[in-house]
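Take a look at the structure set out below.
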Amino acid sequence: MDFLYEETTNRKIRATTAKYTSASQGENEWEALRSATTASDAAKIWVYNFEIPANIHTAARTRAEEAERLLPKLRSEAGGATASGVANNCVDPHSGDVQALQATVKLYAWPEYHGPGFVEKKPEYKRAVDIALANGGYVGGFRYRGVDCGGFVTRVMIDSGYEPDYNSKKGATPIQKEWLDANWERLGTGDTIDVAQLRPGDVAWLPGHTFMFAGKDIEGFGQTTNGWKGVASSSLDQRAPMAGLESLTKSENIWYRKKVNVHE
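Just so we're aligned, residue 190 is where the sequence shown starts under our numbering, counting upward by one.
As C-alpha cells, then:
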C-alpha cells in the first residue's frame with residue numbers, strides 16, 4: 190500500500206484519462222481520485238491512469254461496474270462510515286442519504302430561479318453531464334444536453350448515491366414514471382397529500398415534466414427567490430437546473446418517495 194500511495198501521489202493525469210473521467214490533464218492523480226464524485230469515476234481514473242491495461246476501455250467499464258456494486262456492501266460492513274466528497278461540502282456522494290442528495294443539488298443547480306431561455310449549466314453540472322455522456326448515462330436534452338427535467342433528476346439521484354438505479358432504462362418522463370411506479374412509493378397527487386410532509390428527495394411527475402423536492406434547508410439555495418417552496422428543477426432546452434418555482438399542490442403532480450430499506 191505504501192508503494193501505491195507513493196506512486197499515485199507523484200503521477201499526473203494523462204490526456205486519455207481526462208477524456209474519459211472527471212480528472213483534468215496534468216492534475217495530481219491522488220487529488221483527482223480524492224475529488225471523484227462517484228465510485229465508478231474513481232475506478233476509471235485508476236484504470237486509465239495507473240493500470241493502463243491492453244483492453245483499457247473494457248477494463249474501465251468493468252471496474253466501474255464493480256465499484257458501484259461493491260461500495261454499498263463495503264460501507265454496510267464498515268457500519269456506515271463514510272469519507273468526504275462532493276466538492277467542498279464534506280458529504281459522501283455515495284452514501285445514499287439526504288445530506289448527500291442536497292449537497293449534489295446545491296452543486297449542480299443554480300441557487301436562484303431564472304426564466305425560460307436560461308440554459309447555462311453550472312460548471313460542476315456541465316462536468317457531470319459530460320462524464321455521464323461519455324459513460325452512456327442519461328442526461329436528456331436535445332439542443333442543450335443536460336438541460337432537461339428528467340435528466341437533472343436522474344443525475345442527482347445517481348450521482349449523489351441516493352438512488353443509484355434511478356431511471357435505469359435511461360428514458361424520458363414516460364419511462365421515468367414506469368420506473369417510479371415499479372420501484373418507489375406513490376404518495377398521491379398534489380391536491381390530495383399534505384405537502385408540508387414532503388421530504389427531500391421526493392419526486393413529482395406530471396405529463397411531460399418531473400421535478401424534485403430538495404427541501405427548504407439547503408444553505409444558500411432558493412431562499413432569495415420569491416415564492417420558492419423547496420423545489421429543484423430543470424426544463425427541456427429551456428431552463429438549466431436551478432431553484433424551481435413549480436407548484437407542489439397541482440392536481441397533475443403525482444408524488445413519489447423512495448421506499449425505506451428496513452435493513453438500513
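Cβ atoms here follow ideal geometry from the backbone N, Cα and C, with glycine treated the same way. Since we're looking at a predicted model, the values are computed, not measured.
*asked:* With a threshold of 8 Å, are at least 3 pairs of Cβ atoms found where one atom belongs to the region 431-444 and the other to the region 383-400?
replied: The region 431-444 is in contact with the region 383-400.
In this structure, does DSSP put THR438 in helix, strand or coil?
-> Reading the sequence shown from its first residue, position 249 is the one you call residue 438. THR438 falls in the coil class under three-state DSSP.
Query raised in the report: Within the chosen definition, does the region 425-432 reach the region 287-304 through at least 3 CB pairs nearer than 8 Å?
Result: Contact between the region 425-432 and the region 287-304 is present, with at least three C-beta pairs closer than 8 Å.
Notebook entry, point to check: If we count Cβ pairs, one from each stretch, closer than 8 Å, do we get three or more for the region 318-333 versus the region 342-359?
Noted result: Taking 8 Å as the limit for Cβ pairs, the verdict is that the region 342-359 does touch the region 318-333.
task = Run the CB neighbour count on ARG163, radius 10 Å, all protein chains shown included, and call it buried at 16 or more, exposed below.
result = Because the chain is modelled from 190 through 453, residue 163 falls outside the range shown and cannot be assessed.
- Could you give the DSSP three-state label for PHE402: helix, strand or coil? Taking the sequence shown and counting its residues from 1, the one referred to as residue 402 is at position 213. Three-state result, PHE402: strand.
Taking 8 Å as the cut-off, decide whether the C-beta atoms of SER213 and ASP230 are in contact.
Along the sequence shown, read from residue 1 onward, the residue named residue 213 stands at position 24. Along the sequence shown, read from residue 1 onward, the residue named residue 230 stands at position 41. Going by C-beta atoms, SER213 is not nearer than 8 Å to ASP230.
| message | On the DSSP bridge list, what partners appear for LEU395? | response | For the purposes of this step, residue 395 is taken as residue 206 along the sequence shown, with counting starting at 1. Bridge partners of LEU395 according to DSSP: HIS398.
Identify, in the order they occur along the chain, each residue of the same chain with its Cβ nearer than 7 Å to the Cβ of PHE307, setting aside the five sequence neighbours on each side. Against the sequence shown, residue 307 aligns to sequence position 118. Excluding sequence neighbours, PHE307 sits near ARG428, ALA429.
Query raised in the report: Roughly how many angstroms separate the alpha carbons of LYS237 and ILE245, rounded to a whole number?
Result: Start at 1 with the first residue of the sequence shown, and residue 237 comes out as number 48. Start at 1 with the first residue of the sequence shown, and residue 245 comes out as number 56. In the sequence under discussion, the amino acid at residue 237 is Tyr, which differs from the Lys named in the question. Distance between the alpha carbons of TYR237 and ILE245: 7 Å.
Per DSSP, what kind of secondary structure is PHE410 in: helix, strand or coil? The sequence position of residue 410 within the sequence shown is 221, counting from 1. Reduced to three states, the DSSP call for PHE410 is coil.
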